[in-house]
Amino acid sequence: MDIATLGGQLFGYIPLGDIVLYFTPFNLFLFGGAVLFTFLIALSNTETQVEARFGTLKDREVKVGKAEFKIRRFLAIICGLATAGAMITGDLFNFTLFVALIGIVNIGLVGAVKMVDVLDSAFQYGIIAMIASLPLFGGAATILAATGTLSLIQLSTSNLITPMTQFASVLLLMGIAGETGIAPFYATKAEMFRTPGSPFLVIIHLSSLLVIIRAIEILLIINKPF
Amino acid sequence: MIGAEVLVPNLVSPVVVSLYEPALIVGLLTGFIGLLGIAFKKGDLTALILTDIVGLAMLIIVAAVATDLAEALILPGLVVELAEILAISEILMSREMRKSGKTVELLPLPLSLDMEILETAPAFLAVILVAYGVFLTGFTGGVVAGVGILFYVLTRAIRGVPSNIFEGVAGASGIAWTLWLVGFLIFFVAPQIWLLGLFMSSLGILIKVASKAGLIGIMGREEFRKEK
Chain A
118 MDIATLGGQL FGYIPLGDIV LYFTPFNLFL FGGAVLFTFL IALSNTETQV EARFGTLKDR
178 EVKVGKAEFK IRRFLAIICG LATAGAMITG DLFNFTLFVA LIGIVNIGLV GAVKMVDVLD
238 SAFQYGIIAM IASLPLFGGA ATILAATGTL SLIQLSTSNL ITPMTQFASV LLLMGIAGET
298 GIAPFYATKA EMFRTPGSPF LVIIHLSSLL VIIRAIEILL IINKPF
Chain B
1407 MIGAEVLVPN LVSPVVVSLY EPALIVGLLT GFIGLLGIAF KKGDLTALIL TDIVGLAMLI
1467 IVAAVATDLA EALILPGLVV ELAEILAISE ILMSREMRKS GKTVELLPLP LSLDMEILET
1527 APAFLAVILV AYGVFLTGFT GGVVAGVGIL FYVLTRAIRG VPSNIFEGVA GASGIAWTLW
1587 LVGFLIFFVA PQIWLLGLFM SSLGILIKVA SKAGLIGIMG REEFRKEK
């Protein structure tokens, strides 16, 4: 499918050898959104969870320590930048690498908490993310084998739609679903949100949403259903 | 494979082309066997080890493409694989520490490296290794030179001579990294001066890899100092 049809209009592209970045209003909006949110959480403080206690008038506060806060902020910024990179990249394998980086950083974001339940679900999510790297990279490599290129600009103009590319697209979709933790795998990810430190944890959710939107664009570019 | 005849140049032998499909099937089968193992797993550690098999199957599928580009894709794939298994094993360790209440050191050092060769071998061997590494350049040279630095640091640590010569190695490593990146960028933006880019990136990667291996030595030495 044509890039200009999907993204509004083609503003232009930066050819860096084999890697060609292209700009459409669609990509620029997603990129700007990810960068803006990253900037906001770089400035913000963490929340404090307050629980009322039974039988007394006192509250119980769950705070995030200073060292843990710094590491979390760093990982959240990395996650935001990786999301922004996945939005703007014009290379299929770079996209999968950014998605894999988001998966690793998501594990790291909840890795330092003190709740055993959350660590348990983070472990399950990590196993799923690691298994999902097989269809993710495998799908990208199969598309390379079937069409001879990984550049999205070239994929949008080529007319090679074989059973091989369709198989690879299914693999790619499975990989992205596992790595970002959407529909069949959402149970462990919902559990991960129970840790304190909210604005940094929201990036886990936002990154998976944005990646899914971009993945749909990429799958439409490769398969050209209409 | 409908598209293969179009894309593959004639000088590639048909045997190599026909190997792609078996390799892909082997990769998928390996992944499936790994998933079966996870389904029948005994514990969390078993699941983690079996997940690594699935990761290796991913490398098989990427390697099956067998072009220069596929070779360039294997390295990031391997790095992602290692990073993920490190992160998950860290989570597992942290959870077990919370459950049992005991803490474990991140690096189970100090090693008891009381080998005689470290006391008697001449430090000149390190000079030879570093010089040979500089002669080789690139990844291989970096590894050889790094082994030389590591050898030097280990022998010094065993003999008890305080050496702070390699404190600046970390800084040099960062500079070499930018040198490598700039050299790599030259290939894209100014392909006319590719020779300069080649030399810059090869020098950068040499210093980078050498200092990485050397830094392992420094970490080991710090642990030795703690012991004494």
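Chains as they are written, first to last, in this note's numbering: chain A, 118 to 343; chain B, 1407 to 1634. Cβ coordinates follow ideal geometry from the N, Cα and C atoms, glycine included.
Leaving out five residues before and five after residue i in sequence, what residues of the same chain have Cβ atoms less than 6 Å from its Cβ?
i	result
A257 (chain A)	L209, F210, T213
A1582 (chain B)	G1610, I1613, K1614
L157 (chain A)	none
I1459 (chain B)	G1440
V1567 (chain B)	Low per-residue confidence applies at V1567 (chain B): pLDDT is 45, beneath 50, and the placement is therefore not dependable enough to give any value.
Closest by CA to residue i, which one among the options?
i	options	result
V222 (chain A)	A:F254, A:L326, A:G243	A:G243
V1471 (chain B)	A:L318, A:G255, A:N340	A:G255
V1615 (chain B)	B:L1451, B:I1534, B:V1550	B:V1550
V216 (chain A)	A:L226, A:V230, A:G228, A:A201	A:A201
R311 (chain A)	A:G228, A:A249, A:L218	A:G228
K1505 (chain B)	A:K231, A:D176, A:A246, A:I219	A:K231
I1480 (chain B)	B:L1492, B:E1490, B:A1493, B:L1462	B:L1462
A246 (chain A)	B:I1494, B:F1438, B:V1422, B:F1541	B:I1494
F140 (chain A)	A:F156, A:L133, A:A121	A:A121
L1392 (chain B)	B:M1499, B:L1451, B:L1531, B:W1600	A question about residue 1392 (chain B) goes unanswered here, because the residues of chain B that appear run from 1407 up to 1634.
R189 (chain A)	A:L160, A:D234, A:R177	A:L160
F1438 (chain B)	B:T1452, B:T1457, B:V1422	B:T1457
T259 (chain A)	A:G149, A:F284, A:A151, A:F240	A:F284
L218 (chain A)	A:C196, A:V235, A:A239, A:D237	A:C196
L327 (chain A)	A:G149, A:D234, A:Q241	A:G149
L127 (chain A)	A:Q166, A:L192, A:F143	A:F143
V179 (chain A)	A:Q166, A:R170, A:Y303	A:Q166
V163 (chain A)	A:S275, A:P316, A:M204	According to the sequence as given, residue 163 (chain A) is Thr; it is not Val. Checked all of A:S275, A:P316, A:M204; the closest Cα to T163 (chain A) is A:P316.
G1552 (chain B)	B:F1593, B:S1579, B:F1590, B:S1424	B:S1579
V319 (chain A)	A:E296, A:L337, A:P252, A:I194	A:I194
E1487 (chain B)	B:F1541, B:V1468, B:V1418	B:V1468
D119 (chain A)	A:T297, A:S324, A:M309, A:I270	A:I270
V1423 (chain B)	B:M1464, B:L1451, B:D1450, B:T1473	B:T1473
P252 (chain A)	A:G182, A:G292, A:S275	A:G292
E334 (chain A)	A:A203, A:L323, A:R170	A:A203
With H, G and I counted as helix, E and B as strand and the rest as coil, what does DSSP make of residue i?
i	result
D119 (chain A)	coil
G129 (chain A)	strand
V1418 (chain B)	coil
I1506 (chain B)	For the sequence presented, residue 1506 (chain B) should be read as Ser rather than Ile. Reduced to three states, the DSSP call for S1506 (chain B) is helix.
T213 (chain A)	helix
S1579 (chain B)	helix
T163 (chain A)	coil
S275 (chain A)	coil
I299 (chain A)	coil
R311 (chain A)	coil
K187 (chain A)	helix
T1473 (chain B)	coil
F240 (chain A)	helix
M232 (chain A)	coil
K341 (chain A)	coil
P1528 (chain B)	coil
G1409 (chain B)	Model confidence at G1409 (chain B) stands at a pLDDT of 47, short of 50, so the residue's coordinates are unreliable; what they give is reported in the following sentence. Coil at G1409 (chain B), not helix or strand.
A263 (chain A)	helix
G182 (chain A)	coil
L1513 (chain B)	Summary for L1513 (chain B): the model assigns pLDDT 44, below 50, so the residue's position carries little reliability; its value from the coordinates is reported in the next sentence. Reduced to three states, the DSSP call for L1513 (chain B) is coil.
G1449 (chain B)	coil
A304 (chain A)	helix
L102 (chain A)	What the structure shows of chain A is the stretch from 118 to 343, and residue 102 (chain A) is not part of that stretch, so it cannot be assessed.
L1425 (chain B)	coil
A285 (chain A)	helix
A294 (chain A)	helix
Using the DSSP secondary-structure output, state which residues sit across from residue i in a beta bridge.
i	result
R177 (chain A)	A:E168
V137 (chain A)	A:P132
S268 (chain A)	A:D208
For residue i, which residues in the same chain have their Cβ closer than 8 Å to its Cβ, ignoring the five residues on either side in sequence?
i	result
F1446 (chain B)	none
I1466 (chain B)	A1429, V1432, G1433, T1436
A300 (chain A)	A294
L1498 (chain B)	D1450, L1451, L1454
D176 (chain A)	V167, E168, A169, R170
I'd like the list of long-range same chain contacts for residue i, defined as Cβ closer than 7 Å, with 5 residues on each side in sequence excluded.
i	result
I330 (chain A)	L147
V152 (chain A)	A201
I339 (chain A)	I260, L272, T282, S286
G1548 (chain B)	G1539, I1611, L1612, K1614, V1615, A1616
L236 (chain A)	V230
G124 (chain A)	T141, P142, F143, N144
G225 (chain A)	L192
S238 (chain A)	T305, E308, M309
So, is the C-beta of residue i closer than 9 Å to a C-beta in chain E?
i	result
L133 (chain A)	Judged by its chain identifiers, the structure shown contains no chain E, and its protein chains are A and B.
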